[in-house]
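Working notes, structure below.
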Amino acid sequence: MWQIRYLFILCMLLMGSIASYVYGESPSSVSAHRKAINPSEKQQEGIENYDEDSGLDEEDEWENEDEFDEITGQLQGMKAILENMKQDYETRLKEMQEKISILEKENTKTTKKDVKMISTSEEKRANEPRISKEDYDAVVKQLDTLEKTYTARIEEIKKDNDIRMQEVENKLATASSSTPDTNTGKWSPAQPITLLSMGKSYMNISFDGLFAAAGSTAKDLGTLETGGHDPNQRGFTVQNLETTFEGAVDPYFKGQASIVFQIDQDGESFLEVEEAFLTSMSLPLNLQAKAGTFFTEFGRLNPFHPHAWDFADQPLVNGRFLGPDGLRGPGARLSWLAPTSNYTELFFTVQDSQGETAYSFRNEEALFGREAVETSVRSMEDMLYTPRIATSFEVTDETTVLLGASAAFGPNSTGRDTDTLIYGLDMFWKWKSPYAAGGFPFVTWQTEVMGRRFEVGEDADAGLSDEKLNNWGAYSQICWGFKKRWVAGFRVDYVDGLKEFEEHEDEEEEEEGHHHSEGLGFERVRFSPNLTFYASEFSKIRLQYNFDDILGNDTSEHTVVLQFEFLLGSHGAHKF
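If you're matching positions, the sequence shown starts at 462 in this note's numbering and goes up one per residue.
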């Protein structure tokens, strides 16, 4: 701003000097100026009658005065222009000063208003009621409860998602099948077989075939294997032919049944209902009920069918404690999904305690050399009870851990007041690469530890007294999906039992040890590496080697198993 003022003053001084030069000249100077001009003009025009006294003739003098007047007029015009510029500048300067003044006043008012508003706000805050810590904690607790309930509901929706999606697919299949279509494509194994009933009900059918070819140094392979679906002889074994029926009964229940066909070592065929049960889908309070005949939810592996195992045979401890066909039977189960941020579910199962599928309980073939007593149900104490708790959480974005604890207790058939208690802990850990494609690569680690407390009754005819026997066993396995469709695994088994018979001093003790061996068996260790190739999700080929170190009689055996499986139809997904 001050620079403009200095520039303006400089222009005014320059203009004043020019004006004084124009209007302050004396006649002598003007005449001298004229004289200076006229001789040159005379020389240019070639005039000879030049008057040396005056230096001009009269006509030339008037012409020079006209030119001078013209220059003077131009300078006066320039002066007028500068005057106008000065007035315009002063006018604009005044306007700018007025605007600055107005803005300063408005800024002062705004500052005062803000200060007033701040003080008013602070007064309001001071007058507002304070929230107590108890009320704050109560609100936080309510929010946590709502979040847990929402998470539990999401888990419940995930569990039923497969069934509901299948229902939609089958309804679409029903609608499309009502109109004949001559261009229908060929049936694919991935498509479910849908049975129609009055155009409303439906049922998916799947068939799974599991076979094995085995070679072993043991003459009787069946004495090494503890599972009813394990490879049980040299040569070929039909491990399991399973037909599964499943579907939604109505909006409240879904049903599933598994019919199994087997061929034993003698070539005889038999058919059995492995599972047939209903499961609720809409109970309140995160509850779910199951009723029918089914695998007991004890431990990690017991509820899974043989085609879902990671190895060609079941672990030694499962066969010795839970029986060749696993722990299962008619009964009912109630589960509760806890409204927590991570998955936590409680199970309580009540089942019959008799039969060969309740191996360590009221089995018709009593263990430890005793004769079986009456196995009918006299009271609720004669039932088999199985509580279980399972919880999972994510350690990192790539790893998940599932932990579980189970127990099964009920009467056994060696006496009228003898009981059996089986308890166990299980762990499943899985790592999945963040860059996984088609589920590969991955690593899983699964471990189960079980203990059994068996009250053995007195058998006077056999000369055996009552006693309490305790034994335990465990297995741990690792599976590595190192490449798409390829999985390598390694499992270690251990079960305790009788030591070498050399420890018995006489035949009577050896005979007693033999009776014990019918239930306890020998102390054993097994190492089992394997390699599985999944040609697709409907077929697989598995090669497995077993090294059995039977510590109880100081022997070892080697077994090689080649297993293959195929699946037709749509089979429901198994639990994580």
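Heads up, the beta-carbon is just placed ideally off N, CA and C, and yes, glycines get one too.
Per DSSP, residue 873 lies in no alpha helix (DSSP H) segment and is marked neither H nor E.
A Cβ-Cβ distance of about 5 Å is found for the pair residue 881 and residue 821, placing them in contact under the 8 Å criterion. In the structure shown, residue 1009 falls within a strand segment according to DSSP collapsed to helix, strand and coil.
In the three-state scheme derived from DSSP, where H, G and I count as helix and E and B as strand, residue 785 is classed as coil. In the structure shown, the three-state DSSP call for residue 548 is helix. Excluding sequence positions up to five before and after residue 665, its CB lies within less than 6 Å of the CB of 653, 707, 708, 1031, all in the same chain and listed in chain order. The region 888–934 contains no complete alpha helix (DSSP H) run of 4 or more residues. Counting of Cβ neighbours within 10 angstroms places residue 712 among the exposed residues, the total staying below 16. Taking C-beta separations shorter than 7 Å and ignoring five residues to either side along the sequence, the partners of residue 781 in its chain run 687, 934, 956, 982, following chain order. In the DSSP annotation of this structure, the continuous segment of the beta strand (DSSP E) that includes residue 844 starts and ends at 844–855.
Residue range 1016–1030 is occupied by the beta strand (DSSP E) that includes residue 1019.
Contact between residue 942 and residue 900 is confirmed by a C-beta separation of about 7 Å, below the 8 Å threshold. A residue is called buried when at least 16 other Cβ atoms come within 10 angstroms of its Cβ; residue 856 does not meet this threshold and is exposed. In this structure, the straight-line span from the alpha carbon of residue 818 to that of residue 790 is close to 7 Å.
Proximity of the region 821–835 to the region 792–802 falls short of the contact definition, fewer than three beta-carbon pairs being nearer than 8 Å.
Cβ neighbours of residue 689 within its own chain (closer than 6 Å, five residues either side excluded): 785, 786.
Counted as a single uninterrupted DSSP element, the beta strand (DSSP E) harbouring residue 951 occupies residues 947–956. Setting aside the 5 residues that flank it on each side, residue 927 is surrounded in the same chain by 876, 879, 916, 917, 918, 919, each with a C-beta closer than 8 Å to its C-beta; the list follows chain order. In the assembly as shown, residue 1002 is an exposed residue. Its beta-carbon has fewer than 16 other beta-carbons within 10 Å. Look at residue 778 here: in three-state DSSP terms it is helix. Looking at the DSSP output, residue 861 sits in a beta bridge with 855, 891. A contact between stretches requires three or more CB pairs, one per stretch, nearer than 8 Å, and the region 746–759 meets this requirement with the region 805–812. Take the alpha-carbon of residue 998 and the one of residue 1028: they are about 8 Å apart. One Cα belongs to residue 912, the other to residue 783, and the distance between them is close to 11 Å. DSSP places residue 944 in the strand class (E or B) of the three-state scheme. The straight-line gap separating the alpha-carbon atoms of residue 907 and residue 938 is approximately 5 Å. Cβ neighbours of residue 887 within its own chain (closer than 6 Å, five residues either side excluded): 760, 761, 865, 909.
Looking only at 1024, 803, 626, the smallest Cα-Cα distance to residue 852 is reached by 803. Between the alpha carbons of residue 721 and residue 1026 lies a distance of about 15 Å.
Counting only residues of its own chain and dropping the five nearest sequence neighbours on each side, residue 607 has no CB closer than 8 Å to any other CB.
With respect to the 8 Å criterion, residue 1023 and residue 1004 are classified as neighbours on the basis of their beta carbons.
Contact annotation, residue 946 with residue 995: C-beta distance approximately 5 Å; criterion of less than 8 Å satisfied. Remark: C-beta atoms of residue 700 and residue 671 approach each other more closely than 8 Å. Comparing alpha carbon positions, the residue from 704, 1015, 556 closest to residue 985 is 1015. Straight across, the Cα-Cα distance linking residue 808 with residue 604 is about 27 Å. Non-local beta-carbon contacts of residue 903 in its own chain, meaning distances under 6 Å to residues more than five positions away in sequence, involve 893, 942 in chain order.
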